[in-house]
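J.:
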DNA sequence: TATTGTTATACTCTATAACTATA
DNA sequence: TATAGTTATAGAGTATAACAATA
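Protein chains in written order, with the UniProt record's numbering: chain A, 1 to 145; chain B, 1 to 145.
1. With three or more beta-carbon pairs closer than 8 Å as the criterion, would you say the segment 104-118 of chain B touches the segment 109-129 of chain A?
2. Going along chain B in order, which residues have a C-beta closer than 8 Å to the C-beta of residue 129 of chain A?
3. Mind checking which residues open and close the beta strand (DSSP E) that includes residue 93 of chain A?
4. Rounded to a whole number of angstroms, what is the C-alpha to C-alpha distance between residue 42 of chain B and residue 100 of chain B?
5. With DSSP run on the structure shown, which of helix, strand or coil describes residue 119 of chain A?
6. I believe residue 132 of chain B touches residue 9 of chain A by the beta-carbon criterion, under 8 Å. Please report the beta-carbon distance rounded to the nearest angstrom.
7. Would you say residue 12 of chain A reaches chain B, if we count a Cβ-Cβ gap shorter than 8 Å as a contact?
8. If we count Cβ pairs, one from each stretch, closer than 8 Å, do we get three or more for the segment 10-23 of chain B versus the segment 35-49 of chain B?
9. Counting only the same chain and skipping the five closest in sequence on each side, list residues whose C-beta sits under 6 Å from that of residue 145 of chain B.
10. Short of 8 Å Cβ to Cβ, which residues in the segment 68-81 of chain B face chain A?
11. Please confirm whether residue 134 of chain B has its beta-carbon closer than 8 Å to some beta-carbon of chain A.
12. Please report the straight-line C-alpha distance between residue 63 of chain A and residue 71 of chain B, rounded to a whole angstrom.
13. Using the rule of at least 16 other Cβ atoms within 10 Å of the residue's Cβ for burial, across every protein chain shown, is residue 88 of chain A buried or exposed?
14. Give me the Cβ distance between residue 25 of chain A and residue 113 of chain A, rounded to the nearest whole Å; I'm assuming they're in contact under 8 Å.
15. Could you say which of A:118, A:94, A:22 lies nearest to residue 74 of chain A if we only look at CA atoms?
16. With 8 Å set as the bound, which would you pick, yes or no: does the beta-carbon of residue 44 of chain B sit closer than that to a beta-carbon of chain A?
17. Is any heavy atom in the ligand COA found nearer than 7 Å to the beta carbon of residue 54 of chain B?
18. Output the distance between the C-alpha atoms of residue 55 of chain A and residue 37 of chain A, rounded to the nearest integer angstrom.
19. May I ask which residues mark the beginning and end of the beta strand (DSSP E) holding residue 84 of chain A?
20. Note the first and the last residue of the continuous alpha helix (DSSP H) segment covering residue 18 of chain A.
21. Output yes if chain B places a C-beta closer than 8 Å to the C-beta of residue 139 of chain A; else output no.
22. When the Cα atoms are used, what is the spatial distance from residue 138 of chain B to residue 138 of chain A?
23. Here's a check: name, in chain order, each residue in its chain whose Cβ is nearer than 6 Å to the Cβ of residue 31 of chain A, leaving out the five neighbours to either side.
24. Report the partner residues of residue 53 of chain B according to the DSSP bridge assignment.
25. Over what stretch of residues does the alpha helix (DSSP H) that includes residue 140 of chain A continue unbroken?
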């Protein structure tokens, strides 16, 4: 409560995190664009390549309304990257799943993300460990997601 | 070049950064929505509250096409948060500047961003210093922006 | 009745291209 | 000619509300 939040050190850290965020998004969108995918499409494809899931679940993951997912999956389906399957246990549900081409694209997308490389490559294993522990502390329970 | 990037430690750090990014955007959009602003509008307003600038410069900062800035500033202007002023030294240029109401909104927006608080409050000054130095190293020259 | 996914609608952001007024 | 800003257009993401099929 009485903690000071506007000291120069805290402000600089916040600023640095902002730069990290900007760089992260920039690289993600760039990697997606190389496959002619928008950021949202790439996120859904990446999500489904981990595990197929109902439309509703995708909306929860994206923190958006379910009606939006229809269009995003439509566009991925048109390009043959994703398909809709019936759920045997509940006929209301449609399971979105990547096709083989979709899985391949997701893999290339992941490999194309060099955010993991350049920036972290400059840090030693010890430094990365310290960074990991600080980020874990910063994020609290969220880090387990 | 020969650096290993897929070791568990690096992957975990990348994952944690992804969580930071998600949390950052979530809080930013939430703070903006409390003032009925979109993310883009809030970003432009925050930018102008630092310093008025030509439309073209805003586009560079947002990394988008100049034509998009017209609409974003239009909507901010309609709400009385921003105004366009002529540039005495070049009559082609329009300087976008926040109104008093705009400056006030930008200030409230900044105060509403508790990303700086909760997460970093758990870290000591020493830990924040270590985090700052690691982030600086990670970002290289970009950190000076 | 409640839930899943969809459709319809409207708004915002985005890039592209063409236009205007200045330089 | 080149540049700053705008307009026009089209595609994509977003929320809201209403709908059909299923539970």
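Glycine is no exception: its CB is placed at the ideal position from the N, C-alpha and C atoms.
Quick caveat: nothing in here was measured; it's all calculated off a predicted structure.
T.: According to the data block:
1. no
2. The contacting residues are 9.
3. Per DSSP, residue 93 of chain A belongs to no beta strand (DSSP E) and is neither H nor E.
4. 15 Å
5. helix
6. At roughly 7 Å, the Cβ-Cβ gap stays under 8 Å, so residue 132 of chain B and residue 9 of chain A are in contact.
7. Interface residue, yes.
8. Too few Cβ pairs lie closer than 8 Å, so no.
9. Since pLDDT at residue 145 of chain B reaches only 49, below the 50 mark, its modelled position is unreliable, and no value is offered.
10. none
11. yes
12. Using only the alpha carbons, I get a separation of about 26 Å.
13. exposed
14. Their Cβ separation, rounded to whole angstroms, is 12 Å, which puts residue 25 of chain A and residue 113 of chain A out of contact at 8 Å.
15. A:94
16. no
17. Ligands in the displayed structure: none, and consequently the ligand COA is not present.
18. 19 Å
19. 82-86
20. Looking at the DSSP string, the run of the alpha helix (DSSP H) that includes residue 18 of chain A is 8-33.
21. yes
22. 18 Å
23. 109, 112, 113
24. Residue 53 of chain B is bridged to B:96.
25. Residue 140 of chain A: not part of any alpha helix (DSSP H); DSSP gives it neither H nor E.
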